[in-house]
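Participant:
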Amino acid sequence: KGGGSILTTYETSLYDEVGEMKADFDLADVLGVKYVKSRNCAWAQESPEGVGAYLVPKGDFLARLQDLLAPRQNSSLFMSGPAIISQSTAGVNKATLALIPLGGERLDLRAQQADIPAVHVNQFGQGKAAYISTPLFKLIKIPQITDGATFPQKSLVMTPFARRDGWVVELTRELLDELAPNPPIRVEGQFHLECTFFEQKEKKRVIVHLLNSTVRELGKVYPMDPAKIIISKDFITPTKVYTAWPEKKEL
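The opening residue of the sequence shown carries number 2 in this note's numbering; numbering runs sequentially from there.
1. Nearest to Lys-341 by CA position, among Pro-83, Ile-117 and Leu-63, is which residue?
2. Can you tell which of Glu-203, Arg-206, Ala-54 and Pro-224 has its C-alpha closest to the C-alpha of Leu-194?
3. Could you name the residues that DSSP lists as bridge partners for Leu-177?
4. For Thr-240 and Arg-174, I'd like the C-alpha separation in whole angstroms.
5. Going by alpha carbons, who is nearest to Glu-12 out of Ile-85, Arg-40 and Leu-180?
6. Taking C-beta to C-beta, are Ala-130 and Leu-32 nearer than 8 Å?
7. Straight-line CA distance for Leu-177 to Ile-231?
8. Thinking C-beta only, is Val-122 closer than 8 Å to Glu-179?
9. Just verifying my parser: in three-state terms, what is the DSSP assignment at Glu-12?
10. Nearest-angstrom Cα distance between Asp-275 and Gln-127?
11. For the alpha helix (DSSP H) containing Leu-32, name the first residue and the last one.
12. What's the call for Pro-182, buried or exposed, on a 16-neighbour Cβ count within 10 Å?
13. Measure the alpha-carbon distance for Ser-14 versus Val-170 and round it to whole angstroms.
14. Suppose you measure from the CA of Thr-9 to the CA of Tyr-132; what does that come to, to the nearest Å?
15. Am I right that Val-209 and Phe-192 are in contact with their C-beta atoms under 8 Å? What's the rounded C-beta distance?
16. When you compare the CB positions of Ala-119 and Leu-56, do they come within less than 8 Å of one another, or not?
17. Which residues bound the beta strand (DSSP E) around His-210?
18. If you draw a straight line from the C-alpha of Asn-75 to the C-alpha of Ala-228, how long is it?
19. Shorter than 7 Å, the distance from the beta carbon of Asp-116 to the closest heavy atom of the ligand MG, or not?
20. Do you know whose CA, among Ser-39, Gln-201, Gly-20 and Val-222, lies nearest Leu-100's CA?
21. To the nearest angstrom, how far is it from the Cα of Ala-96 to the Cα of Gln-124?
22. Would you call Ser-134 buried or exposed, if buried means 16 or more other Cβ atoms sit within 10 Å of its Cβ?
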């Protein structure tokens, strides 16, 4: 309530400390949604008679993605696996969940009128919370790199919209921009660069851990394009910057 932001997915706060499911989210007031039921959604080849879950953006949310993928949007935003059916109690739906029988004709999902929250944003006091009704990040699949391949491969340098799960990256970026429009640290780089930050206040320093996720085994990685780390001067003003591994070197 006093400020800050939170991004949650799927069953966050729906279980107690011993794994028992609750009747509603502990964070229901914060998220602005109420739990109704759980639903499993499968790939068409796994369950021809099943139900597919599709994320349908509303308004200008994911506008760039909607424009680029309009001809095949009914497959590009398909979400395999489980989903939570909930009701909005406060805030706004940035995207809704459309449950469509699999194996049927192609549908223009943007024309579907549904009120089931898929991506929901709620203002709570001075803070803001975002809720995504599926285990979204499980949909991301890093393209497999075969031995002898040159890097970057075509599959890795394609625009995120050309990959089946690329919209997950774009959705996350757009939500984070809304939740934290002025972050203390921002990274600009390729999507397979993983970054972790540790602040050591007693030593007045910030440790930046960068990982090239294309690594196949220790010591063997594919080169990446240069990345940029932008740190707000209001957060920290470094007197010096250096690399600590594989050798200490001032920058």
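Ideal Cβ placement from N, Cα and C applies to all residues, glycine included. Since the structure is predicted, the reported quantities are computational estimates derived from the model, not experimental observations.
Facilitator: For this structure:
1. Residue 341 lies beyond the stretch modelled for the chain, which goes from 2 to 252, so this question has no answer here.
2. Position 193 of the sequence shown, counting from 1, holds the residue named residue 194. It is Pro-224 whose Cα lies nearest to the Cα of Leu-194.
3. Stepping through the sequence shown from its first residue, residue 177 is reached at position 176. Answer is none; Leu-177 lacks a bridge partner.
4. By 1-based counting over the sequence shown, the position of residue 240 is 239. By 1-based counting over the sequence shown, the position of residue 174 is 173. Between Thr-240 and Arg-174, the alpha-carbon positions lie close to 30 Å from each other.
5. Along the sequence shown, one-based indexing puts residue 12 at 11. Answer by Cα proximity: Ile-85.
6. Your numbering for residue 130 matches position 129 in the sequence shown. Your numbering for residue 32 matches position 31 in the sequence shown. The criterion of a C-beta distance shorter than 8 Å is satisfied by Ala-130 and Leu-32.
7. The residue given as residue 177 occupies position 176 in the sequence shown. The residue given as residue 231 occupies position 230 in the sequence shown. If I take the Cα positions, the gap works out to 16 Å.
8. Residue numbering aside, residue 179 sits at position 178 when the sequence shown is read from its first letter. Residue numbering aside, residue 122 sits at position 121 when the sequence shown is read from its first letter. Against a cut-off of 8 Å, the Cβ pair of Val-122 and Glu-179 comes out as a contact.
9. Translated into positions along the sequence shown, residue 12 becomes position 11. Glu-12: coil per DSSP, three-state reduction.
10. Because the chain in this structure spans residues 2 to 252, residue 275 falls outside the shown range and cannot be described.
11. Start at 1 with the first residue of the sequence shown, and residue 32 comes out as number 31. Where Leu-32 is concerned, the enclosing alpha helix (DSSP H) stretches over 29-32.
12. As a position in the sequence shown, residue 182 is number 181, starting the count at 1. For Pro-182, the number of other beta carbons within 10 angstroms of its own is below 16, and it is reported as exposed.
13. As a working note, residue 14 is residue 13 in the sequence shown. As a working note, residue 170 is residue 169 in the sequence shown. The alpha-carbon atoms of Ser-14 and Val-170 are separated by roughly 24 Å.
14. The residue you call residue 9 lines up with position 8 of the sequence shown. The residue you call residue 132 lines up with position 131 of the sequence shown. Between Thr-9 and Tyr-132, the C-alpha separation is close to 5 Å.
15. Taking the first residue of the sequence shown as 1, we reach residue 209 at position 208. Taking the first residue of the sequence shown as 1, we reach residue 192 at position 191. Going by Cβ atoms, the distance from Val-209 to Phe-192 rounds to 18 Å, so no, they are not a contact pair.
16. Counted from its first residue, the sequence shown places residue 119 at position 118. Counted from its first residue, the sequence shown places residue 56 at position 55. Result yes, Cβ atoms of Ala-119 and Leu-56 sit closer than 8 Å.
17. Within the sequence shown, numbered from 1, the residue matching residue 210 stands at position 209. Where His-210 is concerned, the enclosing beta strand (DSSP E) stretches over 206-213.
18. For this step, residue 75 is matched to residue 74 along the sequence shown. For this step, residue 228 is matched to residue 227 along the sequence shown. With a pLDDT of only 46 at Asn-75, under the threshold of 50, the placement of this residue in the model should not be trusted, and no figure is reported.
19. What this structure holds is no ligand at all, so the ligand MG is not there to describe.
20. Looking up residue 100 in the sequence shown gives position 99. Nearest C-alpha to Leu-100: Ser-39.
21. One-based indexing of the sequence shown puts residue 96 at position 95. One-based indexing of the sequence shown puts residue 124 at position 123. Using only the alpha carbons, I get a separation of about 16 Å.
22. In the sequence shown, residue 134 corresponds to position 133, counting from 1. Buried, by the Cβ-count rule.
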